[in-house]
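As C-alpha cells, the structure follows; a few thoughts come after it.
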Amino acid sequence: MKNLYLDYNSHTPCDTSVIIAMHDVWSQPGNPHSGSHSFGWAKQQLVSDSLATFTDIYDCFEEELLFTSGATEANNLAIYSGIPIAKKINPKADTILTSHLEHKSVLNPLEIAADKYGLKLLYVDITSEGIIDLKDMQTKLEQNNVLWVSCTMTNGVIGTNQPIYQVVELCQRYNAMLHVDASQAGYLDIACHDLQVDFLTLSAHKIYGPSGIGLLYSKHLQNPEFMPIISGGGQQDGLRAGTLPVPLIVGFAQAAKILDDTKETEASGLRALRDRLLNGLNQALPITVFGDLDDRHPGNLYLAIENIDSMQLLNNLQPHIAFSLGSACDGLSREYSPIMKAMGIPKNIAECAFRICIGRMTTNEEVDLAIKLITDGVNKICR
C-alpha cells in the first residue's frame, strides 16, 4: 500500500521544476560575495535575478529583503531587531500585543523580548471560528500604549486566514509597529507595500521550495538601530552574516514564481479535494471541523472525531498515512492546545483534534484512500 502524505502545512515537497532549477547551481563553483572573478559574478547574478522575482511578487524593494535560514530565524530577527527600533520611535509605549494563533517562533521571542525590555505582553482574544477578535484588539490598543503587534496572516494549525488589512489599519491608528508571519499564506496575495506592514516573514518549504531558506521583509532594514543576530562577514550589508546559499535562493524564487502564476487555479483544485475528503469523512464519521471553512488555507482541515483520541488514531494508522496533531514544531505534545483553549474548545474535544492538509501532489485516489484508512482506523478503536 502506498503511504499517504497529508501534512502539507508542516512541509511541502520540492516541486520538480524547483529541483531542476537548483540542480545545476549546486555544482557551479563561485561565492556570490567574491567580486573579483567571473565565478563570483555569475553567482551574484543568480541572487540578483532571484531578488527581482521576489520584489515583483511581494511588492517591495531589494533593499527591504533579507535572506534567512527560514521563517523561524526571520521571526526572531524581526522581533529582536524590530522592538528596539520601535522603542526608539515610541519610547513611552510599554505593551506588546499578539494572540495564541502565532507560531512558537513568534511567541517565544516575544516572551523573551517582553522580559528584557520590561514590556507587558497581552494576548488578543480569538473567536470560535479561529479568527483574531478585532473588537478585542481595538479595546486593548485603546486601553494600553502598544509598542508592537505580531499577527499571523494564515494560521498553520487550524488554517484560518486573518483580517490582516483591518489589523494594519488598527496598528496605524494607534501607532503600533506591526510584524506579520506570512509563511503559511502562500495562497493569498502578499503585497508588502500595499499592506504597509513593518516586518513580514516568508518560508520556502511551505510553498514547494527547499528547506533552509526564508525571507524577512522590512521597511526598517536600513535603520541604524537594526541589530543583526548573526555576526561575522559583511554579507547582506552586514545585517546577516554568512555566505548566501545560492541554490536555495534560486529554488525559493522558482517556487514563489510557480505559486504566483498558478495559485488561483491551484487553490480552487485544493478546495475541491478538501471538500471531497470532508464529505467522505462526514458520511462515515461524527466529525467536527474547527475554523472558518471558507476563509482558510485551501488544503487545510482541522477536525475532531467524536470520542476518538487523535494520538491513538494517528499511531494506529502508521506508517500508512501522515497527518499531524498540530504544528510540527510542537512535536507530539499533549498539552491543551492554546489555540483550542482560546477558541473555547473543551480539553476533551481538543484531544480528539488533528490537522490534515492536502497539497499540489495530492490526487482524488489518495483522498479516497485517506477516507477509507481513517474510517477503518476509527472503527477498530471503537470495537
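Numbering (the working numbering), first residue to last: 50 to 432.
Positions of the beta carbon are idealized from the N, C-alpha and C atoms, including for glycine.
Computed from a predicted structure; not experimentally measured.
Just to confirm before moving on: does the CB-CB distance between valine 67 and glycine 300 stay below 7 Å?
The sequence position of residue 67 within the sequence shown is 18, counting from 1. The sequence position of residue 300 within the sequence shown is 251, counting from 1. Contact flag set, yes.
Arginine 320 versus leucine 374: straight-line alpha-carbon distance, rounded
For the purposes of this step, residue 320 is identified with residue 271 of the sequence shown, where counting begins at 1. For the purposes of this step, residue 374 is identified with residue 325 of the sequence shown, where counting begins at 1. Straight-line Cα distance between these residues: approximately 21 Å.
Sort Met186, Ala290, Asn272 by Cα distance to serine 280 and report the nearest one.
On the sequence shown, residue 280 is found 231 positions in, with the first residue counted as 1. Selected option, being the one with the closest Cα: Ala290.
Run the CB neighbour count on lysine 396, radius 10 Å, all protein chains shown included, and call it buried at 16 or more, exposed below.
Here the question's residue 396 lines up with position 347 in the sequence shown. Flag for lysine 396 reads exposed.
Segments of 3+ residues assigned as beta strand (DSSP E) that fall wholly inside the region 288-346
336-338
Among His152, Ala419, Pro158, Ser59, whose alpha-carbon lies nearest the alpha-carbon of leucine 53?
Locating residue 53 in the sequence shown gives position 4, where the first residue counts as 1. Checked all of His152, Ala419, Pro158, Ser59; the closest Cα to leucine 53 is Ala419.
Using alpha carbons as the reference points, say which of Ala391, Leu244, Asp425, Asp310 lies closest to leucine 330.
Position 281 of the sequence shown, counted from the start, is the residue given in the question as residue 330. Considering only alpha carbons, the answer is Asp425.
For lysine 390, collect the residues of the same chain with a Cβ closer than 8 Å to its Cβ; drop the 5 residues on either side in sequence, then sort them by chain order.
Position 341 of the sequence shown holds residue 390. Contacts found: His149, Lys396, Ala399.
Name the DSSP beta bridge partners of alanine 353, please?
Locating residue 353 in the sequence shown gives position 304, counting from the first residue. Beta-bridge pairing links alanine 353 to Thr337, Ala402.
Out of Leu362, Pro347, Ile213, Gln367, point me to the one whose CA is closest to cysteine 241's CA.
Counted from its first residue, the sequence shown places residue 241 at position 192. Closest by alpha carbon: Ile213.
Indicate whether phenylalanine 372 and aspartate 56 have their beta-carbon atoms separated by less than 7 Å.
On the sequence shown, position 323 is the one that residue 372 refers to. On the sequence shown, position 7 is the one that residue 56 refers to. Cβ atoms of phenylalanine 372 and aspartate 56: closer than 7 Å.
On the CB-based measure, 16 or more other CB atoms within 10 Å of its CB, does phenylalanine 110 come out buried or exposed?
Counting from one through the sequence shown, the residue named residue 110 turns up at place 61. By the neighbour-count rule (16 or more Cβ atoms within 10 Å), phenylalanine 110 is not buried but exposed.
Helix, strand or coil, according to DSSP, for lysine 169 in the structure here?
As a position in the sequence shown, residue 169 is number 120, starting the count at 1. In the structure shown, lysine 169 sits in a strand (DSSP, three-state: E or B).
Could you pull out every residue in the same chain whose Cβ sits closer than 6 Å to the Cβ of leucine 183, ignoring the five residues on either side in sequence?
For the purposes of this step, residue 183 is taken as the residue at position 134 of the sequence shown. Within the same chain, leucine 183 has close Cβ partners Gln215.
How big is the Cα-Cα spacing for alanine 234 and histidine 346?
On the sequence shown, position 185 is the one that residue 234 refers to. On the sequence shown, position 297 is the one that residue 346 refers to. Cα to Cα, the separation comes out at about 7 Å.
Out of Tyr129, Met50, Leu114, which one is the CA nearest neighbour of isoleucine 278?
For the purposes of this step, residue 278 is taken as residue 229 along the sequence shown, with counting starting at 1. It is Tyr129 whose Cα lies nearest to the Cα of isoleucine 278.
Kindly indicate which three-state DSSP category asparagine 210 falls into: helix, strand or coil?
Within the sequence shown, residue 210 is the residue found at index 161, counting from 1. Reduced to three states, the DSSP call for asparagine 210 is strand.
Can you give the Cα-Cα distance for serine 154 and threonine 121, rounded to whole angstroms?
Translated into positions along the sequence shown, residue 154 becomes position 105. Translated into positions along the sequence shown, residue 121 becomes position 72. Taking the straight line joining both Cα atoms gives about 5 Å.
Spatial neighbours of phenylalanine 248 within its chain, please: CB distance less than 6 Å, with the 5 preceding and 5 following residues excluded, ordered by chain position.
On the sequence shown, residue 248 is found 199 positions in, with the first residue counted as 1. The residues are Ala127, Gly131, His228, Ser267.
Could you say which of Lys136, Leu168, Asn125, Asn139 lies nearest to leucine 146 if we only look at CA atoms?
One-based indexing of the sequence shown puts residue 146 at position 97. The shortest C-alpha to C-alpha distance from leucine 146 to any of Lys136, Leu168, Asn125, Asn139 is the one to Leu168.
Can you tell me whether DSSP reads aspartate 243 as helix, strand or coil?
What you label residue 243 is simply residue 194 of the sequence shown in a count that begins at 1. Looking at aspartate 243 - three-state DSSP - the assignment turns out to be helix.
Taking one C-beta from the region 323-341 and one from the region 100-108 each time, how about it: are there three or more such pairs within less than 8 Å?
no
With respect to the alpha helix (DSSP H) encompassing isoleucine 134, which residues constitute its N-terminal and C-terminal limits?
Here residue 134 corresponds to residue number 85 of the sequence shown, with the count starting at 1. From DSSP, the alpha helix (DSSP H) with isoleucine 134 extends over 120-138.
Span of the beta strand (DSSP E) around aspartate 417:
The count along the sequence shown starts at 1 and reaches residue 417 at position 368. Here aspartate 417 belongs to no beta strand (DSSP E); instead the alpha helix (DSSP H) covers 413-431.
Histidine 228 - partner residues in DSSP beta bridges:
Translated into the one-based positions of the sequence shown, residue 228 becomes position 179. Beta-bridge pairing links histidine 228 to Ser199, Phe248.
Going by other Cβ atoms of all chains shown within 10 Å of its Cβ, with 16 needed for buried, is serine 199 buried or exposed?
If you number the sequence shown from 1, residue 199 lands on position 150. Buried, by the Cβ-count rule.
Please list the terminal residues of the continuous alpha helix (DSSP H) segment that includes phenylalanine 103.
As a working note, residue 103 is residue 54 in the sequence shown. From DSSP, the alpha helix (DSSP H) with phenylalanine 103 extends over 87-107.
Distance, serine 232 Cα to leucine 422 Cα:
Residue 422 sits at position 373 when you count from the first residue of the sequence shown. Residue 232 sits at position 183 when you count from the first residue of the sequence shown. Those two C-alpha atoms are separated by around 30 Å.
Do threonine 209 and isoleucine 180 count as a contact pair if the criterion is CB distance below 7 Å?
Within the sequence shown, numbered from 1, the residue matching residue 180 stands at position 131. Within the sequence shown, numbered from 1, the residue matching residue 209 stands at position 160. Yes, Cβ-Cβ distance for isoleucine 180 and threonine 209 is below 7 Å.
Take lysine 51 and list the residues in its own chain whose beta-carbon comes closer than 7 Å to its own, dropping the five residues that flank it on each side.
Translated into the one-based positions of the sequence shown, residue 51 becomes position 2. Answer for lysine 51: no residue qualifies.
According to DSSP, simplified to helix, strand and coil, what is aspartate 358?
For this step, residue 358 is matched to residue 309 along the sequence shown. Aspartate 358 falls in the coil class under three-state DSSP.
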